[in-house]
Amino acid sequence: FGLVLFLIWGHPLGAANPNDIEFRVRLVKGTRVYHMGESIELEISYSSQIEKKYYGSFTGPRPELDGVKPHVTPTDGVLDLRELRRDRGVAGSILSGIGYVGPQPVSQQFDLCQWYRFQRPGHYSVIVTSMEVSRMKGAEEGGGREQLTLESNPVDLDYLPADPAWVAGELSNIEQALNTARDAGERGLALRRLALLDTPASVQTLVRLYLASPD
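If you're matching positions, the sequence shown starts at 1206 in the working numbering and goes up one per residue.
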């Protein structure tokens, strides 16, 4: 009974998804075990066997936008980074894709650690809600679109306690990636990994790189 209550209270409550549309989430790496300071890449996908019934406006999962939201339970030991960015607005341009949801899945990937920082090891569950899909209304309903709030399947993951050996190896790999980066994009990915690592050594490296940069 207690487990049932936890599942009910721990996840957002809303209407069930229509039975003719699939909204799924999966762990990209195919593993549910992660180290503290490691990114968690997720992939969401939309599909429907019924043509031209559902229409999507896909801006992509971004913490600054409300179209797609991951939800983590339990929340104890998890820092919601959106609270820190609430007054910063949306930087840069927003690219979007539009079109009908059909049998061929529409997929998008994102890093859960852009939304949340996990501050302690443990077992966590993640679901994703999306408001990027609308149902096309028939003529008898007056036409137009009805915006849906879709809820994904849950995925479970485990964060391991801090591992000094893994941290040292990760820092070495990041420094090598920085030294061999071919462009700003590759360098930016390595810097994000460095920031996520969040150890004294990684912070010292970030400060050194910051002070050495003319930008």
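A virtual CB, placed ideally from N, CA and C, is assigned to each residue, including glycine. This one's a predicted model, so the numbers in the text were calculated from it and none came from an experiment.
Might you give, ordered along the chain, the residues of its own chain that have their beta carbon closer than 7 Å to the beta carbon of residue i, omitting 5 neighbours on each side?
i	result
Ser1298	With a pLDDT of only 47 at Ser1298, under the threshold of 50, the placement of this residue in the model should not be trusted; the figure read from the coordinates follows. There are no such residues.
Arg1392	Leu1383 and Ala1386
Gly1302	Phe1263
Among the options, which one has its Cα closest to the Cα of residue i?
i	options	result
Val1338	Asp1388, Glu1391, Arg1325 and Asp1271	Asp1271
Val1230	Gln1381, His1328 and Asn1358	Asn1358
Excluding the five sequence neighbours on either side, which residues of its own chain have a C-beta within less than 6 Å of the C-beta of residue i, listed in chain order?
i	result
Pro1366	Pro1326
Arg1398	Ile1379
Pro1223	none
Going by the CB atoms, is the gap between residue j and residue i shorter than 8 Å?
i	j	result
Arg1340	Leu1353	yes
Val1306	Ser1253	yes
Ser1330	Ile1249	no
Exposed or buried, which one is residue i when buried takes at least 16 other CB atoms within 10 Å?
i	result
Ser1407	buried
Val1238	exposed
Val1233	exposed
Leu1402	buried
Pro1308	exposed
Pro1279	exposed
I need the boundaries of the beta strand (DSSP E) containing residue i, first residue and last residue.
i	result
Thr1278	Val1273 to Thr1278
Thr1334	Gly1327 to Ser1335
Ser1339	Val1338 to Met1341
Could you check whether the Cβ of residue i sits closer than 7 Å to any heavy atom belonging to the ligand GTP?
i	result
Pro1419	The ligand GTP is not part of the structure shown, which contains no ligands of any sort.
Starting from residue i, trace the alpha helix (DSSP H) in both directions and tell me its first and last residue.
i	result
Thr1354	Segment: none, Thr1354 is in no alpha helix (DSSP H) and carries neither H nor E.
Val1408	Pro1405 to Ala1417
Arg1290	First-last for Arg1290: undefined, no H or E at that position.
Arg1397	Ala1389 to Leu1402
Who are the near neighbours of residue i in its chain, counting only those whose CB is closer than 8 Å to its CB and skipping five residues on each side?
i	result
Tyr1321	Pro1275, Val1277, Val1283, Leu1284, Asp1285 and Leu1286
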